[in-house]
Amino acid sequence: MKLPRTRGFIRDIAIAGGFIAIGILAPGSPIENGFEAHLGGISVGLGLGWLIKCFIDLQGASYAKQS
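So the numbering used here is basically just the index in the sequence shown, starting at one, shifted up by 555.
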């Protein structure tokens, strides 16, 4: 599958990367205890979820073109 270079797709990838970076680089790693670790885990989860959403949208767009 070839990735598109549209403005929306690049924006979605940048948002997902930002959430993942915040989760990894925030003080208190996700493997430690504490409230900061929970926020880091939530941020990583949001980033991965956004990335999955982006690829689901991509699959739906390619499927719509075929029909």
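Even for Gly, the Cβ is constructed at its ideal location relative to N, Cα and C.
Do A616 and G595 count as a contact pair if the criterion is CB distance below 8 Å?
no
State the CB to CB distance for the pair F574 and C609, rounded to an integer number of angstroms; the pair is presumed to be in contact (CB under 8 Å).
About 12 Å; that fails the 8 Å criterion.
With DSSP run on the structure shown, which of helix, strand or coil describes L580?
helix
Pick out whichever of H593, Y618, I568, Q614 has its Cα sitting closest to the Cα of G604.
I568
Can you look up K620 in the DSSP assignment and give me helix, strand or coil?
In this structure, K620 counts as helix in the three-state DSSP scheme.
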